[in-house]
Amino acid sequence: MSSVTRIRSATGGARGGRIALLGTGVVGSAVVARYRQLVERGVPLPPFAWLSNSRAQVANDGSLDEAIARAHAAPRQSGAVPPWAEGEALARGDIVIDATASDTVADWHAEWLQRGIHVVTANKLGNGGDLARAQAIVDAQREGARYGDSATVGAGLPALRLIRELVAGGDRIHAVEGVLSGSLAWLLSRFDDTRPFSDLVREARDAGYAEPDPRQDLSGEDVRRKLLILARAAGLPLEARDIRVSSLVPDALRDAAPDAVDAQLNTLDKPLRERFVTAYRSDARLCFVGRFDAERGASVGLRALPLSHPLASGHGTENRAAIFSDRYPDRPLVIQGPGAGAQVTAAALLDDVLRIDASAR
Ligand SMILES: NC(=O)C1=CN([C@@H]2O[C@H](COP(=O)(O)OP(=O)(O)OC[C@H]3O[C@@H](n4cnc5c(N)ncnc54)[C@H](OP(=O)(O)O)[C@@H]3O)[C@@H](O)[C@H]2O)C=CC1
Ligand SMILES: N[C@@H](CC=O)C(=O)O
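Counted from 1, the sequence shown has number 37 at position 37 by the numbering used here; the numbering is strictly sequential.
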C-alpha cells in the first residue's frame, strides 16, 4: 500500500480549478518555491491542492513547505502504481503540473484533457514522444481543457509559441535550426580541455541543467524530443525515427545500469577531447545543433562551427532557435536566451498555469 494522504474533496460547480503537482525534484521543488513567492506578491494563482512524487501523494493542508518536506521524506515504494493514482481523483477544471520525466505520467496527459483537466508540463514525453500520443493530446483539447507546454522547449523561451503564432497567421515554416539543449550548451561553452568533460557533466547535473538521466542529454534524445515538438507545431508530423541523431554517448556508458552511470561518465573524456582539439585547431567551436527542414529532413548532433556562425556565440545554458519561413526566408527570426535551469522552467510552468486559469474564468 503506498503512502497516500487523503485530501479535501473538490467542491465542483463554479469554483476555479486547483493545482496538483507531479514531481518534487529539481523542477517541482522550484515550482513550489515560486508559487509561494508569487502568492506572497499577490499574484492570483489557483489554490494548490496536493503534490506527489513517485513515493507519496501529500495534501497541502496549509503549509506547502511541510507538504513538500513530507513528500521528500517518503520512503521508496515497491509497487508499480504511482501514489497519486490511488489518491483523490482530479476534477474538471483542475490543473495538473507534470514536473516528472515519466513516460507513465505522459501517457495520462490525453486522458486528463479528455476529462476536462488542464495539463501543464515540463515533461517532453507527451507531445515530444510518439506521434500517436502527441496527436491524442491535440485531439483531447477539443473537449475544452488546455495543454501548457511552454516549458518543454527552451525552458519557456517563446520559440514554440512563436512558431504556433506564425503558422496561425498563415506563415509556412521552412526550417528551424538551433542550439536546443541548455546542458550541452553549458558544457560546450565551458569545455576548454583544462578539466575532463565528465567533471563538467557532473557539475551540469548538480546545477539542475541535465535530465534526471544525463544520457538523455548526451545522446541527443532530449534535443530530438524538442525538435519533434517544434516540427509538429510547424505542421510537420514527424516521428522520432525521422530525425537522424548522432549520440555523444559511448557504448559502455549507454549500456550502464542507472546506478553505474556516474562511474562510466569518464568514457566521454577521450572522444570529446579529440573533437575539441580538432575544432580548436580550425578556429571552430563545438555546438550541439538540431535542425529540421521541411524539404531536407531533420538531424541532431555535434558540429564544429566557425566562430562567426550565429549559433556559435552563446554563453552558459543559452539556447538559440533560428526560424526560416515564408516571412523570414533568408534572414531568420532568432529566439535566444537561457534554455535550462529550475527557476526559468518553474516560471514557464506557472506562466502557463496563470494563462489557463485566466482563460477559464
Ligand atoms: N532541469 C531543467 O532545466 C528542465 C527540465 N525539464 C523537464 O522537467 C522534468 C523534471 O526534471 P527534474 O526536476 O530535473 O527531474 P528530477 O529527477 O529532479 O525529478 C523528477 C521527479 O519526478 C518524480 N516522478 C517520477 N516518476 C513519477 C511518477 N510516476 N509519478 C509522480 N512522480 C514521479 C520523481 O519522484 P521521486 O522523487 O520519488 O523519484 C521526482 O520527484 C523532466 O521531464 C525534464 O525534462 C524541462 C525543462 C527544463
Ligand atoms: N536537460 C534539458 C533541460 C531543459 O529541457 C537541457 O539540457 O536543455
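For glycine and all other residues, C-beta sits at the position ideal for the given N, C-alpha and C.
Chain-ordered, the residues whose CB falls short of 6 Å from any heavy atom of ligand 2 come out as 155, 181, 182, 183, 209, 210, 211, 217, 222, 339, 340.
Here residue 277 is exposed: its Cβ has fewer than 16 other Cβ atoms, across all protein chains shown, within 10 Å. When DSSP states are grouped into helix, strand and coil, residue 104 belongs to the helix group. Residue side-chain check: residue 226 keeps its Cβ at 7 Å or more from all non-hydrogen atoms of ligand 1. Nearest to residue 305 by C-alpha distance, out of 112, 313, 47, is 313. In this structure residue 111 is exposed. Its beta-carbon is surrounded by fewer than 16 other beta-carbon atoms within 10 angstroms. A Cβ-Cβ distance of about 4 Å is found for the pair residue 100 and residue 23, placing them in contact under the 8 Å criterion.
Annotated three-state conformation of residue 315 is coil, per DSSP. Under DSSP, the beta-bridge partners assigned to residue 306 are 284.
Boundaries of the beta strand (DSSP E) around residue 175: 173 to 179.
The residue among 44, 290, 317, 42 with its C-alpha nearest the C-alpha of residue 225 is 290. Secondary structure of residue 325 (DSSP, three-state): strand. Annotation: the continuous beta strand (DSSP E) that includes residue 56 extends over 56 to 59. Judged by beta-carbon spacing, residue 30 lies within the 8 Å limit of residue 343, meaning their Cβ atoms are closer than that value.
Here residue 320 is bridged, per DSSP, to 179, 336. Look at residue 92 here: in three-state DSSP terms it is coil, with no helix or strand label. CA-to-CA, the gap between residue 174 and residue 326 works out to about 7 Å. Residue environment analysis places residue 138 among the exposed positions, since fewer than 16 neighbouring C-beta atoms fall within 10 angstroms of its C-beta. Excluding the 5 residues flanking it on each side, residue 45 has same chain C-beta neighbours closer than 8 Å at 19, 35, 38, 39, 350, 353, 354, 357, in chain order. Annotated three-state conformation of residue 35 is helix, per DSSP.
Exposed is the label assigned to residue 307, since fewer than 16 other Cβ atoms lie within 10 Å of its Cβ. Here the alpha carbons of residue 102 and residue 272 stand approximately 29 Å from one another.
Taking the Cβ of residue 246 as the reference point, every heavy atom of ligand 1 lies at 7 Å or farther away.
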